[in-house]
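Sequence lines, in order, name chains W and P. Under this note's numbering, the final residue of the first sequence carries the number 582; numbering is consecutive throughout. Under this note's numbering, the final residue of the second sequence carries the number 432; numbering is consecutive throughout.
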Amino acid sequence: MDGTLIELHGGRLYDPTHGINGEVRTLYLSADGIVPPPPDAGAIAQSYDVSGCVLMAGGIDIHTHIGGGKVNLARMLLPEDHDRHPVARGVHPRMGSGHAAPSTLTVGYRYAEMGYTACFEPAMLLANARQAHLELGDTPIVDKGAYVLLGNDDLFLRLLAAKQDPAVIGDYLAWTLDAAQAMAIKVVNPGGINAFKFNQRKLDIDEENTAYGLTPRQILLALAQGIHTLGLPHPLHIHGSNLGVPGNVETTLATIAALEGLPAHITHIQFHAYGNEGDRKFSSGAARLAEAINRQPNISMDVGQVMFGQTVTESGDSMRQYAGSAYASPKKTVLMDIECDAGCGIVPFRYRDQSFVNALQWAIGLELFLLAEDPWRVFLTTDHPNGAPFTSYPHLIRLLMDRSFRNEKLASINPAAAAASILGTLTREYTLYDIAILTRAAPAKSLGLSSLGHLGVGARGDVVVYTDQPNREAMFQRPRYVFKAGELIVRDGRVIGTPTGATHVVKPDYERSIERTVNDYFARFMTVRPQNLRVSAAEIEGEGRGRLVVYSPRRSA
Amino acid sequence: MLKKLAPVPSPPLTHAAVTCPFCGLLCDDLTITARGTQLTVMANGCPKASAAFKAADLPGPPLVNGQPASLEAALDAAARILQRSQQPLFAGLGTDVAGLRALLALAEPCHAIVDHLHGAAMARQVRVLQSRGLIQTTLAEVRNRADLVVLLGVDINTDFQRFAEICLTPAESLVPARLAARRVFQVGPAASKPRHAGVRVERVPCAAVDLRQTLSALRAELRGRPHRVGGRTRTGVTQLAHAIRAAQYTVIVWAPGQLAALDGDLIIASAGELIADINRERRAAGLVLGGNDGGQTALAVCTWITGYPLRLSFAGDTLDFDPLRYQTARLLGQGAVDALLWLSTFSAQPAPATPIPRIVIGNAASTLMAPNSVFLPAGTPGLDHPGQLLRTDAVVALPLRELRPTATPSAAALLLQLAQRLR
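So, in structure tokens, the structure goes:
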């Protein structure tokens, strides 16, 4: 055993991975993580009486835009966000700024202050992978990982259009994961980002990308099959077609059907759950969507809850962000076509509780949370910062756990939106156990993080101690203690330690012959050498900046 | 009598797929031979790269007030300068990601102001971005997708010398029809006409001071209104408007560093408006050429670590971003700072002359032999030590390698040692 042995006694544990629901148990922590009770009590260096407290594993954010080119463009675009939200000298170990688009250092400290100890950046491009990892390397304390975007890159579309053997496509997916040091694969508006470069302004699920003659349905299926064959822990992470378009619930239902039963994760589903009924041709599709997902155990989702206030939307979906730029507030937009790989769009936005559409978006997100029957297939997100900054999570948790608080808020939003939502009729209140599933156990399971998200022996030792209080927002905002890998890093809401988190990556096997295809493509069409695009382990781990945790999945037949 | 032995030459080492750190394009296909510490570009170097690798001598010993000193003594002297300073300026910033990280970590406890050598060009571009945003593209998109490229007052003969080869005249394209149809217009003074073989350039001649007016005329023409430049209609403008209407993907290229006239930011803003106009019906995007001397890297790293782009002050209790106030020349001229830390490992840009104490962390070309100064020799990233730089298009970052044996430390290592002394 290495280092100081810490005992936490008297607290109630919520550890859904092990079915522990509020039992009083003693935890032992060291630099090795969570360890069995020592044979000799004398070995315990520090003992904390945490009676009356709630203990959970460190929180895991499965979808948060915190690092990479588009995040940095958003920072650059919004000095007003930083001027209004400075992080003064002495507040954190180092200065920083920002609310919607915080600086990297500030992101790490704020997540830790809330008891989150792992964050996953969901939209890394191979072309931008080095920068994404550099930014994540400057995000202190938390573990991290990133999902690489595929499905709009010209190489993938060429392979698919040429009807390449699925094994070759699988090799290309695996090569990309390896080169980009990624943890999963995400698709954004399948084929649509690419189509926008050819001036298509919308792409329905069975509409062809004119340049390649491929539909989103074909792209989704090829990616989902490839990922399934590679045996990746996290299934295809899908940002679907028609984001934000009234009536897009049909697209989302069609997307689920297109997967033909293969595992998939539908991300920020709130933005894809809109009907087009009513006077304003905008309505909630939450009930239909939740019903469909409740019946389909292959599908998980995160919500992408909207909260009221100023934020900035950052997305790879250049096609939809261009359409959304008309609603920018303040009035400015950055849009990019990127390196025959993908694209991005940055649109600042203010969600207003008196706007019918924004208020209904808020209600739709909550409806989805409350109608989803299996908490293991729902993850708590605001799609930071697209629905709201991640710092609104404690407020969101209170909305889920406290029906009277929720109804109070419902009474304060645009009345027509409140009337158009079934939210007021939903009596469900999430329990602490449910919250521990949504924010810890379920994301860890979905990503295959064996040492995170639980409190069993062998866990990495990310433990959060909350003072139990009826106001769940206050409780989750400011934990009493946060331990990262067995080290006390936050005490009474103040960051006192800044260890470096690990970077989680997945490395499936692949046939090296795919490199010939990749090298040939890069030599003919691209502007860099693929060996130079590849992010080395040393770049992430060098100078003691980080540590890779590598998962090696086994191919299924 | 002993026979005089001829020195045994160490065999030359050849490195392939080397990233060139000497301009914002970061070409990563150079072949470089190292004979001892002498570097020679064998393949894929532009004239600027060939000259820069050839001239990249290793710096001499540390200097204190122009006198050789041990590294320890020089670091001590540099630390004393920073300790005594009430308001230091960290400028130049010609370094890699690691150097920037170390510099920003030092800027906070030193309450420093930070600015880059190309701070003026950055401020020009950033101001437009922050006021209205921009639709942008990257090198590979231009190479493959563009059927119309408009070089807006940009001179690719003296800088970004391989831009034409990489983006304008590739042997093939993902969209062959676009390459076959590709037209290149050059709007600006005659001297900036690309001299690259194989590029047929259609010219819209105008003086640098008329660029903005020409863009306005172009926008008017595209909206079907008659235009006037200098009191008359220009056929070149009309032809370019026709070309834009016929194109599927127009790319407008400019270099903020070359738009040094007073209305540089307004030219960029007009280009942005033109791009927005075109996108209502067809596709267009801007490509920004810049980021030399680690400029794009400095801008990006400062933005992610602090939330703000460059020209930033750590002097107060909160960060203060002010591109007008925190200009190196203005701060030095006004006597607003009392110590200068100058970081320059790529170019031959000497530290500005100033009576205040100066610390130079730099390459051989920035050696400073002067009273009231400390020179700390540093390696060049990508020649003397590994590292990373960001390319001009704000997307691609590339790895730098060590090409020759040297004991010269990196700027990052020196800055970390300085920080330890100031603890």
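Note that beta-carbon positions come from the ideal geometry of N, C-alpha and C, so glycine has one too.
message: Using a Cβ-Cβ cutoff of less than 7 Å, which residues in the same chain neighbour aspartate 203 of chain W once the five nearest sequence positions on both sides are dropped?
response: Translated into the one-based positions of the first sequence, residue 203 of chain W becomes position 178. So the list reads Lys532, once near-sequence residues are dropped.
- request: Spatial neighbours of serine 581 of chain W within its chain, please: CB distance less than 7 Å, with the 5 preceding and 5 following residues excluded, ordered by chain position.
  value: Indexing the first sequence from 1 puts residue 581 of chain W at position 556. So the list reads His253, Thr254, Gly256, once near-sequence residues are dropped.
message: I'd like the list of long-range same chain contacts for alanine 421 of chain P, defined as Cβ closer than 6 Å, with 5 residues on each side in sequence excluded.
response: Numbered from 1 along the second sequence, position 412 holds the residue referred to as residue 421 of chain P. The residues are Ala107, Gly108, Ala111.
- request: List the residues of chain W whose Cβ lies closer than 7 Å to the Cβ of tryptophan 313 of chain P, in chain order.
  value: Sequence index remark: in the second sequence, residue 313 of chain P carries index 304 (1-based). Neighbours of tryptophan 313 of chain P on chain W, chain order: Asn97, Arg100, Ser128, Thr129, Glu160, Asp163.
- prompt: Can you give the Cα-Cα distance for asparagine 319 of chain W and glycine 303 of chain W, rounded to whole angstroms?
  reply: Within the first sequence, residue 319 of chain W is the residue found at index 294, counting from 1. Within the first sequence, residue 303 of chain W is the residue found at index 278, counting from 1. The alpha-carbon atoms of asparagine 319 of chain W and glycine 303 of chain W are separated by roughly 26 Å.
message: Check whether chain P comes within 9 Å of asparagine 153 of chain W, counting only Cβ atoms and requiring the distance to be less than that.
response: In the first sequence, residue 153 of chain W corresponds to position 128, counting from 1. Taking Cβ atoms only, chain P reaches closer than 9 Å to asparagine 153 of chain W, which makes this a yes.
- prompt: Taking all protein chains shown into account, do 16 or more other C-beta atoms lie within 10 angstroms of the C-beta of glycine 233 of chain P, making it buried, or fewer, making it exposed?
  reply: For this step, residue 233 of chain P is matched to residue 224 along the second sequence. Exposed is the call here.
message: I'd like to check one pair, serine 446 of chain W with methionine 385 of chain W: are the Cβ atoms closer than 9 Å?
response: To locate residue 385 of chain W, count along the first sequence from 1; it is residue 360. To locate residue 446 of chain W, count along the first sequence from 1; it is residue 421. One point to set straight first is that residue 385 of chain W is leucine, not methionine, in the sequence displayed. It is a contact, given that the beta carbons lie within the stated cut-off.
- request: For the segment 356 to 375 of chain W and the segment 141 to 152 of chain W, state whether three or more C-beta atom pairs, one from each stretch, are separated by less than 8 Å.
  value: yes
task: Measuring only between beta-carbons, confirm whether methionine 26 of chain W sits less than 9 Å from chain P.
output: On the first sequence, position 1 is the one that residue 26 of chain W refers to. With a pLDDT of 42 at methionine 26 of chain W, under the threshold of 50, the modelled position of this residue cannot be trusted, and the question is left open.
message: With the cut-off set at 9 Å, would you say leucine 431 of chain P and alanine 88 of chain P are in Cβ contact?
response: One-based indexing of the second sequence puts residue 431 of chain P at position 422. One-based indexing of the second sequence puts residue 88 of chain P at position 79. Yes, these two residues count as a Cβ contact at 9 Å.
- request: Anything in chain P within Cβ reach of glutamine 556 of chain W, meaning under 7 Å, just list it in chain order.
  value: Along the first sequence, read from residue 1 onward, the residue named residue 556 of chain W stands at position 531. Ala26, listed in chain order.
- request: Taking 9 Å as the cut-off, decide whether the C-beta atoms of glycine 371 of chain P and leucine 385 of chain P are in contact.
  value: The residue you call residue 371 of chain P lines up with position 362 of the second sequence. The residue you call residue 385 of chain P lines up with position 376 of the second sequence. In contact: glycine 371 of chain P and leucine 385 of chain P (Cβ atoms closer than 9 Å).
Straight-line Cα distance separating proline 418 of chain P from arginine 237 of chain P: As a working mapping, residue 237 of chain P is identified with position 228 in the second sequence. As a working mapping, residue 418 of chain P is identified with position 409 in the second sequence. Straight-line Cα distance between these residues: approximately 58 Å.
query: What residues from the segment 276 to 307 of chain P come within 8 Å of chain W, judged by C-beta to C-beta, listed N to C?
result: Asn288, Arg291, Arg292, Ala294
- prompt: Can you find a CB in chain W that lies within less than 9 Å of the CB of tyrosine 335 of chain P?
  reply: Working through the second sequence from its first residue, we reach residue 335 of chain P at position 326. With 9 Å as the cut-off, tyrosine 335 of chain P does not count as an interface residue toward chain W.
field: Closer than 9 Å at the beta carbon, the chain W residues around serine 375 of chain P
entry: Indexing the second sequence from 1 puts residue 375 of chain P at position 366. Neighbours of serine 375 of chain P on chain W: none; closest Cβ ~25 Å, over 9 Å.
Proximal residues, the segment 26 to 55 of chain P versus chain W, C-beta separation under 7 Å: Ala26, Thr28, Asp37, Asp38
query: What number of angstroms, rounded off, separates the C-alpha of leucine 409 of chain P from the C-alpha of alanine 548 of chain W?
result: Here residue 409 of chain P corresponds to residue number 400 of the second sequence, with the count starting at 1. Here residue 548 of chain W corresponds to residue number 523 of the first sequence, with the count starting at 1. Spanning the two alpha carbons is a distance of roughly 20 Å.
message: By the three-class DSSP mapping on this structure, what secondary structure does tyrosine 455 of chain W have?
response: For this step, residue 455 of chain W is matched to residue 430 along the first sequence. Three-state result, tyrosine 455 of chain W: coil.
- prompt: With 16 other CB atoms within 10 Å as the buried threshold, where does glutamate 150 of chain P fall?
  reply: Residue numbering aside, residue 150 of chain P sits at position 141 when the second sequence is read from its first letter. Flag for glutamate 150 of chain P reads buried.
query: Contact between the segment 22 to 29 of chain P and the segment 39 to 54 of chain P: three or more CB pairs below 8 Å?
result: yes
message: Please report whether the beta-carbon of alanine 403 of chain P lies at a distance below 9 Å from any beta-carbon of chain B.
response: Note that chain B does not occur in the displayed structure, where the protein chains are W and P.
query: Which runs of the beta strand (DSSP E), 3 residues or longer, sit entirely within the segment 343 to 384 of chain W?
result: 358 to 363, 367 to 376
message: Assuming aspartate 156 of chain P and alanine 280 of chain P are in contact, meaning their beta carbons sit under 8 Å apart, how far apart are those beta carbons, in whole angstroms?
response: As a working mapping, residue 156 of chain P is identified with position 147 in the second sequence. As a working mapping, residue 280 of chain P is identified with position 271 in the second sequence. At roughly 18 Å, the Cβ-Cβ gap does not stay under 8 Å, so aspartate 156 of chain P and alanine 280 of chain P are not in contact.
field: CB contact flag (valine 135 of chain P, alanine 100 of chain P, <9 Å)
entry: Start at 1 with the first residue of the second sequence, and residue 135 of chain P comes out as number 126. Start at 1 with the first residue of the second sequence, and residue 100 of chain P comes out as number 91. Against a cut-off of 9 Å, the Cβ pair of alanine 100 of chain P and valine 135 of chain P comes out as no contact.
query: Around the Cβ of lysine 356 of chain W, are there at least 16 other Cβ atoms within 10 angstroms (buried) or fewer (exposed)?
result: Walking along the first sequence from the start, residue 356 of chain W turns up at place 331. With fewer than 16 Cβ atoms within 10 Å of its Cβ, lysine 356 of chain W is classed as exposed.
- prompt: CA-CA distance, isoleucine 284 of chain P and methionine 344 of chain W?
  reply: Residue mapping note: residue 284 of chain P aligns to position 275 of the second sequence, counting from 1. Residue mapping note: residue 344 of chain W aligns to position 319 of the first sequence, counting from 1. Distance between the alpha carbons of isoleucine 284 of chain P and methionine 344 of chain W is about 16 Å.
query: How would you write the range of the alpha helix (DSSP H) that tyrosine 535 of chain W sits in, first residue to last?
result: Numbered from its first residue, the first sequence carries residue 535 of chain W at position 510. Unbroken run through tyrosine 535 of chain W: none, as it is neither H nor E.
task: Output yes or no for whether 9 Å exceeds the beta carbon distance between valine 488 of chain W and alanine 82 of chain W.
output: As a first step, residue 488 of chain W is located in the first sequence; it is residue number 463 there, counting from the start. As a first step, residue 82 of chain W is located in the first sequence; it is residue number 57 there, counting from the start. Yes; because the gap between Cβ atoms is below 9 Å, this pair is in contact.
message: Short of 8 Å Cβ to Cβ, which residues in the segment 113 to 126 of chain P face chain W?
response: Ala114, Glu117
field: Contacting positions in the segment 129 to 150 of chain P - beta carbon closer than 9 Å to chain W
entry: Val135, Leu138, Gln139, Ser140, Arg141, Gly142, Leu143, Ile144, Gln145, Thr146, Thr147, Leu148, Ala149, Glu150
task: Could you tell me the boundaries of the alpha helix (DSSP H) in which tryptophan 200 of chain W lies?
output: Residue numbering aside, residue 200 of chain W sits at position 175 when the first sequence is read from its first letter. Looking at the DSSP string, the run of the alpha helix (DSSP H) that includes tryptophan 200 of chain W is 191 to 205.
task: Throw me the rounded Cβ distance for the leucine 360 of chain W and isoleucine 85 of chain W pair, which I believe falls under 8 Å.
output: Here the question's residue 360 of chain W lines up with position 335 in the first sequence. Here the question's residue 85 of chain W lines up with position 60 in the first sequence. Actually they do not touch by this definition, with Cβ atoms about 31 Å apart.
query: For aspartate 362 of chain W, is the classification buried or exposed, using 16 other Cβ atoms within 10 angstroms of its Cβ as the cut-off for buried?
result: As a first step, residue 362 of chain W must be located in the first sequence, where it is residue number 337. Burial call: buried.
- prompt: What's the call for asparagine 273 of chain W, buried or exposed, on a 16-neighbour Cβ count within 10 Å?
  reply: Translated into positions along the first sequence, residue 273 of chain W becomes position 248. Burial call: buried.
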